[in-house]
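**Q** Read top to bottom, the protein sequences are chains A and B. Counting from 30, one number per residue, gives the positions in the first sequence under the working numbering. Counting from 30, one number per residue, gives the positions in the second sequence under the working numbering. Got a structure for you, questions after.
Number of protein chains: 2
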Amino acid sequence: MASLSHIELDPASDTPLYKQLAESIRSLVQNGAIGPGERLPATRALADRLGLNRTTISSAYAMLEESGLLEGHVGRGSFVAGNFQTADPKKMDWDAFLPPLGPLPHAAPGIEISFASSRPAEDEFPLAQFRRLSKAVIDGPDAADILQLGSPHGYLPLRRFLQSQAAASGIARSGDDLMVTNGCQQALDLLAWLLISDKQVAAVEDPVYHGLLRVFRRAGAQIVPVPVDGAGMDIDALEEVVEKHRPRVLVVTPSFQNPTGVTLPLERRKRIVEIAQRSGVVLVENDIYSDLRYRGKALPTLKELDASGQTILLRSYSKVSFPGLRVGWVIAPRPVVARLADIKQVSDLHSDQLSQAILLRFAESGELERHLERTRRAGLERLIAVTRACERYLPAGARFSRPDGGMNLWIELPAPLRARELLGSAQERGVDFLPGPYFSESGTHEHGLRISFGGLPPEQIERGIQIIGAAATELVSTRGSVDMEPAAALV
Amino acid sequence: MASLSHIELDPASDTPLYKQLAESIRSLVQNGAIGPGERLPATRALADRLGLNRTTISSAYAMLEESGLLEGHVGRGSFVAGNFQTADPKKMDWDAFLPPLGPLPHAAPGIEISFASSRPAEDEFPLAQFRRLSKAVIDGPDAADILQLGSPHGYLPLRRFLQSQAAASGIARSGDDLMVTNGCQQALDLLAWLLISDKQVAAVEDPVYHGLLRVFRRAGAQIVPVPVDGAGMDIDALEEVVEKHRPRVLVVTPSFQNPTGVTLPLERRKRIVEIAQRSGVVLVENDIYSDLRYRGKALPTLKELDASGQTILLRSYSKVSFPGLRVGWVIAPRPVVARLADIKQVSDLHSDQLSQAILLRFAESGELERHLERTRRAGLERLIAVTRACERYLPAGARFSRPDGGMNLWIELPAPLRARELLGSAQERGVDFLPGPYFSESGTHEHGLRISFGGLPPEQIERGIQIIGAAATELVSTRGSVDMEPAAALV
Numbered sequence: 030m031a032s033l034s035h036i037e038l039d040p041a042s043d044t045p046l047y048k049q050l051a052e053s054i055r056s057l058v059q060n061g062a063i064g065p066g067e068r069l070p071a072t073r074a075l076a077d078r079l080g081l082n083r084t085t086i087s088s089a090y091a092m093l094e095e096s097g098l099l100e101g102h103v104g105r106g107s108f109v110a111g112n113f114q115t116a117d118p119k120k121m122d123w124d125a126f127l128p129p130l131g132p133l134p135h136a137a138p139g140i141e142i143s144f145a146s147s148r149p150a151e152d153e154f155p156l157a158q159f160r161r162l163s164k165a166v167i168d169g170p171d172a173a174d175i176l177q178l179g180s181p182h183g184y185l186p187l188r189r190f191l192q193s194q195a196a197a198s199g200i201a202r203s204g205d206d207l208m209v210t211n212g213c214q215q216a217l218d219l220l221a222w223l224l225i226s227d228k229q230v231a232a233v234e235d236p237v238y239h240g241l242l243r244v245f246r247r248a249g250a251q252i253v254p255v256p257v258d259g260a261g262m263d264i265d266a267l268e269e270v271v272e273k274h275r276p277r278v279l280v281v282t283p284s285f286q287n288p289t290g291v292t293l294p295l296e297r298r299k300r301i302v303e304i305a306q307r308s309g310v311v312l313v314e315n316d317i318y319s320d321l322r323y324r325g326k327a328l329p330t331l332k333e334l335d336a337s338g339q340t341i342l343l344r345s346y347s348k349v350s351f352p353g354l355r356v357g358w359v360i361a362p363r364p365v366v367a368r369l370a371d372i373k374q375v376s377d378l379h380s381d382q383l384s385q386a387i388l389l390r391f392a393e394s395g396e397l398e399r400h401l402e403r404t405r406r407a408g409l410e411r412l413i414a415v416t417r418a419c420e421r422y423l424p425a426g427a428r429f430s431r432p433d434g435g436m437n438l439w440i441e442l443p444a445p446l447r448a449r450e451l452l453g454s455a456q457e458r459g460v461d462f463l464p465g466p467y468f469s470e471s472g473t474h475e476h477g478l479r480i481s482f483g484g485l486p487p488e489q490i491e492r493g494i495q496i497i498g499a500a501a502t503e504l505v506s507t508r509g510s511v512d513m514e515p516a517a518a519l520v
Numbered sequence: 030m031a032s033l034s035h036i037e038l039d040p041a042s043d044t045p046l047y048k049q050l051a052e053s054i055r056s057l058v059q060n061g062a063i064g065p066g067e068r069l070p071a072t073r074a075l076a077d078r079l080g081l082n083r084t085t086i087s088s089a090y091a092m093l094e095e096s097g098l099l100e101g102h103v104g105r106g107s108f109v110a111g112n113f114q115t116a117d118p119k120k121m122d123w124d125a126f127l128p129p130l131g132p133l134p135h136a137a138p139g140i141e142i143s144f145a146s147s148r149p150a151e152d153e154f155p156l157a158q159f160r161r162l163s164k165a166v167i168d169g170p171d172a173a174d175i176l177q178l179g180s181p182h183g184y185l186p187l188r189r190f191l192q193s194q195a196a197a198s199g200i201a202r203s204g205d206d207l208m209v210t211n212g213c214q215q216a217l218d219l220l221a222w223l224l225i226s227d228k229q230v231a232a233v234e235d236p237v238y239h240g241l242l243r244v245f246r247r248a249g250a251q252i253v254p255v256p257v258d259g260a261g262m263d264i265d266a267l268e269e270v271v272e273k274h275r276p277r278v279l280v281v282t283p284s285f286q287n288p289t290g291v292t293l294p295l296e297r298r299k300r301i302v303e304i305a306q307r308s309g310v311v312l313v314e315n316d317i318y319s320d321l322r323y324r325g326k327a328l329p330t331l332k333e334l335d336a337s338g339q340t341i342l343l344r345s346y347s348k349v350s351f352p353g354l355r356v357g358w359v360i361a362p363r364p365v366v367a368r369l370a371d372i373k374q375v376s377d378l379h380s381d382q383l384s385q386a387i388l389l390r391f392a393e394s395g396e397l398e399r400h401l402e403r404t405r406r407a408g409l410e411r412l413i414a415v416t417r418a419c420e421r422y423l424p425a426g427a428r429f430s431r432p433d434g435g436m437n438l439w440i441e442l443p444a445p446l447r448a449r450e451l452l453g454s455a456q457e458r459g460v461d462f463l464p465g466p467y468f469s470e471s472g473t474h475e476h477g478l479r480i481s482f483g484g485l486p487p488e489q490i491e492r493g494i495q496i497i498g499a500a501a502t503e504l505v506s507t508r509g510s511v512d513m514e515p516a517a518a519l520v
């Protein structure tokens, strides 16, 4: 049993030596280095070999015997129990018992440039400021409170700050309340719980963020798509959907929509609010990207335009600051927030309080705004890089959206070229992206693809689009595309 | 318009003065201090009054005009817009639209001693160690990673640590995996998603943690109660329930169950595992209190006793360290964890990473174990105090459980005295607790009540039980209880 001679223990550890030894032996048995039925060395022999006290060895053996891993036979020594782990024949067959797991996100090998993940610029992260402000929170007088059980509504000082900010900017109206969620994803989930029962209709943009489809799908919603063009949701199509399907909920991302990157102009915003007011549909406004506007003028939220109180606004710090800290929030009329808080309590009691306190400090100190300014400067460069690269490298007949902010851009390939086909070819060349059907309830958008450019420096963006363009051109020339117009903006 | 003279601006703020001013005016309008149609002071007059530059005033007015809050009339000045807020008659009636909100937790005024909240001792908190270790994490090389989007499975270094700990102690078997959740509450919620479809049967202890009932209720489960006595779940009753209702899931809290505080002895644990293996029911083991054992010998988890892999183990740092940091975990066979991670991604992407990193450091450094030792010492004192007080002050005929750890103890009042009745009387005297029906699906246990003693020092515990005892004795003597035995342990 040579393996036992190589055990290394740490005399400086807080864990007593006999426990360390027992754990090491257990690992050796569990990974098969010592098999069932094998006899362990006598305590004295092992004590000599490892330079330990003999009682340390016998305490470890005793502990393992008690747990059933070893069997002690008086006069014969300690043996690895024969029925350890593999003995029981009636192992539960979970894969047969549970519903099948859907396809997992692909992870192609050898990817050098990934346009697959919608995220902000990592290299712009204000790590030094984060460190300074976090330490101030941790050393501050509220630390003990932060560590205690909190409210499902969120950490009170953060809520107060966000509420007064929202009131001052005209986004929150009298009668509105605010609650904190684990990012925007949880807000969508809580809203689906609150608003959707079996087979009720949720109208969503098409294409749309995959995580939104999943939330409403699992809530049992009937999902009705409303097409998006270069200026966001198609209003005539929306009118038709509302008339025909009478949706209970309409989810809209007015600014820099995921996956297309497009933004609803003021006129369309007004019409959506007006349609909602007329039809009674609940408007869920997913407004997590609007702070990432790189050019052009800010537009009012649907919530600001809607005096009827029918709009529920979702915001988040995750996209604009630290995605690893999960802090988003909902602004809505008080009866809505009261019920969401009740639902949140069932889901996970409340959100992590330390992150809430740190993000509050970040916002209050002005560091968040300074960070946003830097992110917007970097974002504009990246946006220009991706747009130029699309103009330059995409094959004739391809079209693409013209975002003014955010992290995503949408490409429509010339038929018959499919995004999945192109993806295989791009991945072979080290470039990744997400194909259109991923963003569609019905699996359409087979010619579309999302380019998430936010997390990549301009050089990589250009090289990545160049590679995609070359792969597409090659596939088009092999297949012979009919459509021979030059690459055009998707508007 | 006197209110405008009291506006205070902060010249040192990052927000420009004109924006600060605009926000102050907006607040005054929104809270009704300035009404629709009112004229604002001329820019020069207000500039003088506030000691500001005149262009600051006109910039603020211009900003508010643009947003529609003010209307400017050339030569006449600026007026609060007439149709602001109150103008729209078609306000959405959310209370009519949404399902009614259930009764909110009572918050009686004038409570001095609250036995209502199940929590650890706040004064034992190792705040200095928390500060030191948190700062080490924040200054450490992984800080940038921690702030980036994480995995639905949890923060990898924490997962690895918990996995090796679970493997070394024999709790995790080969083929098991581990994932992090936002405390145990989210783990229950994700399991309900995974395991329960409409009307499927979940068997639970009775009485049981209210948050567990709510999770399974909203998942659409048919909840079947299994009575708990002084030694945990009644095994004969469980046999009957399994035979009659064929539950899909059985949830058990083997140690220091909430609300009763009782612990399953080894023999019952073995029988539960054996029943599960025989019947195929999935065992969910809610093991969040076992580290809080104040006396007696630790018992193996159901997971350790179950070689069939049918047991899903839930643990949490929330009850033993910092409840405000929401970190729990699930240990289960790999196919279960894969699906739970998929469901978690839909719920909230992943858990907060900073808290995971800090708790990892806390555990690795040995500080968690030292803190646990302190908590256990304090817990034992509190346990002794609550037990003695029950013996001394409860009226004849009352019975109570005898926990060996945890935070809760259960009292059964002598009939016909009801806990709700007693609660009213106790609250008038400044003492709070949760009455039995709160912990029951069918509203039974009207004579039972939960005493959460973990968060209170011994003197307060004694005084609180004395007050409850006096109130109960008074009610009993008014009503005339039949049962005249002395207070006895509930075993």
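For every residue, glycine included, the Cβ atom is placed at its ideal position computed from N, Cα and C.
Suppose the cutoff is 8 Å on Cβ atoms and the five residues either side in sequence are ignored; what does the same chain contact list for Arg-277 of chain B look like?
**A** Excluding sequence neighbours, Arg-277 of chain B sits near Leu-224, Ile-225, Gln-229, Val-230, Ala-231, Val-310, Val-311.
**Q** DSSP three-state call for Leu-176 of chain A: helix, strand or coil?
**A** Residue state, collapsed to three classes: coil.
**Q** Helix, strand or coil: which one does DSSP assign to Ile-360 of chain B?
**A** Correct three-state label for Ile-360 of chain B: strand.
**Q** How big is the Cα-Cα spacing for Glu-154 of chain B and Leu-279 of chain B?
**A** In the sequence under discussion, the amino acid at residue 154 of chain B is Phe, which differs from the Glu named in the question. Going by the C-alpha atoms only, they are around 34 Å apart.
**Q** Classify Leu-328 of chain A as helix, strand or coil using the three-state DSSP reduction.
**A** Correct three-state label for Leu-328 of chain A: coil.
**Q** Does DSSP put Gln-339 of chain B in a helix, in a strand, or in coil?
**A** Gln-339 of chain B: coil per DSSP, three-state reduction.
**Q** Glu-52 of chain A lies in the alpha helix (DSSP H); which residues open and close that run?
**A** From DSSP, the alpha helix (DSSP H) with Glu-52 of chain A extends over 46-59.
**Q** With distances taken Cα to Cα, identify the nearest neighbour of Ala-414 of chain B among B:Arg-431, B:Gly-426, B:Arg-399.
**A** Ranking the options by Cα distance to Ala-414 of chain B, first place goes to B:Arg-431.
**Q** Leaving aside the five residues before and after Leu-69 of chain B along the sequence, list all residues of the same chain whose C-beta is less than 6 Å from its C-beta, in chain order.
**A** Answer for Leu-69 of chain B: Ser-107, listed in chain order.
**Q** Starting from Ala-231 of chain A, follow the alpha helix (DSSP H) in both directions and report where the run begins and ends.
**A** Careful: Ala-231 of chain A lies outside any alpha helix (DSSP H), inside the beta strand (DSSP E) at 230-235.
**Q** What residue from B:Gly-104, B:Ala-499, B:Leu-401, B:Ile-372 has the CA that sits closest to Gly-240 of chain A's CA?
**A** Answer by Cα proximity: B:Ile-372.
**Q** What residues of chain B sit near Ile-175 of chain A, judged by a beta carbon separation below 8 Å?
**A** By Cβ distance, chain B contributes Gly-353.
**Q** With a threshold of 7 Å between beta-carbons, can Ala-136 of chain B be considered close to chain A, or not?
**A** Taking Cβ atoms only, chain A never reaches closer than 7 Å to Ala-136 of chain B, which makes this a no.
**Q** Can you tell me where the beta strand (DSSP E) with Gln-251 of chain B in it begins and where it stops?
**A** Looking at the DSSP string, the run of the beta strand (DSSP E) that includes Gln-251 of chain B is 251-258.
**Q** Kindly list, in the order they appear in chain B, the residues whose Cβ is closer than 7 Å to that of Asp-263 of chain A.
**A** The contacting residues do not exist; Asp-263 of chain A stays about 25 Å from chain B at best.
**Q** Which same chain residues, not among the five before or five after Asn-287 of chain A, have their C-beta less than 7 Å away from its C-beta?
**A** Excluding residues within five positions, the ones whose Cβ falls inside 7 Å are Ser-147, Tyr-238, Asn-437.
**Q** Can the beta-carbon of Met-121 of chain B be found closer than 7 Å to that of Gly-131 of chain A?
**A** Against a cut-off of 7 Å, the Cβ pair of Gly-131 of chain A and Met-121 of chain B comes out as no contact.
**Q** Any C-beta of chain B sitting closer than 7 Å to the C-beta of Val-365 of chain A?
**A** Yes, its Cβ sits closer than 7 Å to a Cβ of chain B.
**Q** Does the distance from the C-beta atom of Arg-243 of chain B to that of Val-375 of chain A stay below 7 Å?
**A** Closer than 7 Å, so yes.
**Q** Quick one: is Asn-82 of chain B buried, meaning 16 or more other Cβ sit within 10 Å of its Cβ, or exposed?
**A** Its Cβ having fewer than 16 others within 10 Å, Asn-82 of chain B is exposed.
**Q** Provide the residue span of the alpha helix (DSSP H) that contains His-274 of chain B, from first to last.
**A** Element bounds for His-274 of chain B: 264-274.
**Q** In the DSSP assignment, the beta strand (DSSP E) including Gly-208 of chain A goes from what residue to what residue?
**A** Residue identity differs from the one stated: residue 208 of chain A is Met in this sequence, not Gly. Looking at the DSSP string, the run of the beta strand (DSSP E) that includes Met-208 of chain A is 205-210.
**Q** Report yes or no: is there a C-beta of chain A within less than 7 Å of the C-beta of Arg-55 of chain B?
**A** True, the Cβ-Cβ gap to chain A drops below 7 Å.
**Q** Tell me which residue opens and which closes the beta strand (DSSP E) that Phe-102 of chain B is part of.
**A** Note on identity: in this sequence residue 102 of chain B is His, with Phe being the wrong assignment. Unbroken beta strand (DSSP E) run through His-102 of chain B: 99-102.
**Q** Alpha carbon to alpha carbon, how far is Gln-382 of chain B from Val-166 of chain B?
**A** When rounded, the distance between both Cα atoms is 11 Å.
**Q** What residue from B:Leu-162, B:Gln-49, B:Glu-100 has the CA that sits closest to Glu-396 of chain B's CA?
**A** Among B:Leu-162, B:Gln-49, B:Glu-100, the Cα nearest to that of Glu-396 of chain B belongs to B:Leu-162.
**Q** Going along the chain, which residues of its own chain have a beta-carbon closer than 7 Å to the beta-carbon of Asp-433 of chain A, five neighbours each way excluded?
**A** Correct list, in chain order: Thr-292, Arg-322, Tyr-323, Arg-324, Gly-325.
**Q** Taking buried to mean at least 16 other C-beta atoms within 10 Å of its own C-beta, is His-476 of chain A buried or exposed?
**A** Result: buried.
**Q** Take Ala-76 of chain A and list the residues in its own chain whose beta-carbon comes closer than 8 Å to its own, dropping the five residues that flank it on each side.
**A** Asn-82, Arg-83, Thr-85, Ile-86, listed in sequence order.
**Q** Mapping the DSSP letters down to three states, classify Phe-245 of chain A as helix, strand or coil.
**A** If DSSP states are grouped into helix, strand and coil, Phe-245 of chain A belongs with the helices.
**Q** For the putative contact between Glu-313 of chain A and Leu-343 of chain A, defined by C-beta atoms under 8 Å, what is the C-beta separation to the nearest angstrom?
**A** For clarity, residue 313 of chain A is Val in the given sequence; the question names Glu instead. That belief holds up - the Cβ atoms of Val-313 of chain A and Leu-343 of chain A are roughly 7 Å apart, short of 8 Å.
**Q** Which value, in whole angstroms, describes the spacing of the CA atoms of Ile-200 of chain A and Pro-256 of chain A?
**A** Distance between the alpha carbons of Ile-200 of chain A and Pro-256 of chain A: 27 Å.
**Q** With DSSP as the reference, please indicate the residues paired to Ile-142 of chain B in a beta bridge.
**A** In DSSP, Ile-142 of chain B forms a bridge with B:Val-460.
**Q** Would you check if the stretch 403-412 of chain B and the stretch 185-197 of chain B touch, i.e. whether three or more CB-CB distances between them fall below 8 Å?
**A** With the cut-off at 8 Å, the stretch 185-197 of chain B and the stretch 403-412 of chain B do not touch.
**Q** Nearest to Arg-368 of chain A by CA position, among B:Ser-319, B:Lys-348, B:Trp-123, B:Leu-485, is which residue?
**A** Closest option to Arg-368 of chain A, Cα to Cα, is B:Trp-123.
**Q** So, is the C-beta of Ile-36 of chain B closer than 7 Å to a C-beta in chain A?
**A** No, Ile-36 of chain B lies away from the interface with chain A (no Cβ there is under 7 Å from its Cβ).
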